[in-house]
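First up is the structure itself, then whatever we jot down about it.
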Amino acid sequence: MANCQLTEEEATFYDDNGYAVVDDLFPLEELEEVDRELDRLVQEAEANGQTGIGHTGSNRNKGWLLQLGLRSEFTRRFAEDERVLDLIESIVRPGIAIYSAKLTAKMPRSTDICHWHQDNAYYNAHVLSETRMSTWDPPRGCG
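The number in this note's numbering is simply the position in the sequence shown, starting from 1, with 1154 added.
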């Protein structure tokens, strides 16, 4: 799917609601590869005491990885993927810059609190583009 752009309907929905859902941007096999790489990076960071936020060795927000785009060549390429950049270029103006790429996983049975928009106070303009991927299982009530 080269040079994918938001349709007029998707762009209007984005303007009205602040988000748009674009199905099938990435093939399932590619998303499974991303999932494996993220699992590998989380395990590596946990082994080195570098997962979570706060001081080294913190158990707070276990599974979080900051500076995700710098953690491996794979994650750098994913953060810079032309499919996403082409898709959002019409709504992110005047240009696209990757300010932050992080994994904020809510681990099973975690009691950690995640304040998703705590960083909005210091942004001059509120433009947000996220690639959210989630595994869901309808029989378990998720989705």
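From the three backbone atoms N, C-alpha and C, an ideal C-beta is built for every residue, glycine too.
Would you call A1251 buried or exposed, if buried means 16 or more other Cβ atoms sit within 10 Å of its Cβ?
The count along the sequence shown starts at 1 and reaches residue 1251 at position 97. Flag for A1251 reads exposed.
Starting from the Cα of A1201, find the closest Cα among K1216, R1190, L1179 and E1187 and give me that residue.
As a first step, residue 1201 must be located in the sequence shown, where it is residue number 47. Selected option, being the one with the closest Cα: K1216.
Do the CB positions of L1219 and V1238 come within less than 8 Å of each other?
Position 65 of the sequence shown, counting from 1, holds the residue named residue 1219. Position 84 of the sequence shown, counting from 1, holds the residue named residue 1238. Cβ atoms of L1219 and V1238: not closer than 8 Å.
Start and end residues, alpha helix (DSSP H) containing L1192
Within the sequence shown, numbered from 1, the residue matching residue 1192 stands at position 38. From DSSP, the alpha helix (DSSP H) with L1192 extends over L1182 to A1201.
What are the start and end residues of the alpha helix (DSSP H) that includes T1166?
Taking the first residue of the sequence shown as position 1, residue 1166 is located at position 12. From DSSP, the alpha helix (DSSP H) with T1166 extends over E1162 to N1171.
Could you give the DSSP three-state label for L1219: helix, strand or coil?
Residue 1219 sits at position 65 when you count from the first residue of the sequence shown. If DSSP states are grouped into helix, strand and coil, L1219 belongs with the strands.
Extent of the continuous alpha helix (DSSP H) to which R1112 belongs
One cannot answer for residue 1112 here, as it falls past the ends of the chain, which runs 1155 to 1297.
Taking all protein chains shown into account, do 16 or more other C-beta atoms lie within 10 angstroms of the C-beta of T1166, making it buried, or fewer, making it exposed?
Position 12 of the sequence shown, counted from the first residue, corresponds to residue 1166. Counting Cβ neighbours within 10 Å, T1166 comes out exposed, since fewer than 16 surround it.
Is it the case that the Cβ atoms of V1176 and L1222 are separated by a distance below 8 Å?
Taking the sequence shown and counting its residues from 1, the one referred to as residue 1176 is at position 22. Taking the sequence shown and counting its residues from 1, the one referred to as residue 1222 is at position 68. It is not a contact, given that the beta carbons lie outside the stated cut-off.
Measuring straight from C-alpha to C-alpha, what distance separates P1262 and E1162?
By 1-based counting over the sequence shown, the position of residue 1262 is 108. By 1-based counting over the sequence shown, the position of residue 1162 is 8. Taking the straight line from one Cα to the other gives about 38 Å.
Once DSSP output is grouped into helix, strand and coil, what is the label at L1224?
Your numbering for residue 1224 matches position 70 in the sequence shown. Helix, per DSSP.
Count the other C-beta atoms from every protein chain shown that fall within 10 angstroms of the C-beta of L1302, then say buried if there are 16 or more, exposed otherwise.
A question about residue 1302 goes unanswered here, because the residues of the chain that appear run from 1155 up to 1297.
For L1241, three-class secondary structure by DSSP:
In the sequence shown, the residue the question calls residue 1241 occupies position 87. Three-state result, L1241: helix.
Spatial neighbours of E1234 within its chain, please: C-beta separation below 8 Å, excluding the five flanking residues on both sides.
The residue labelled residue 1234 in the question sits at position 80 within the sequence shown. For E1234, where only same-chain residues beyond five positions count, the Cβ hits under 8 Å are G1223 and I1252.
Proximity below 8 Å, CB of C1158 to CB of L1182:
Along the sequence shown, one-based indexing puts residue 1158 at 4. Along the sequence shown, one-based indexing puts residue 1182 at 28. In this structure, L1182 does not lie closer than 8 Å to C1158 by Cβ.
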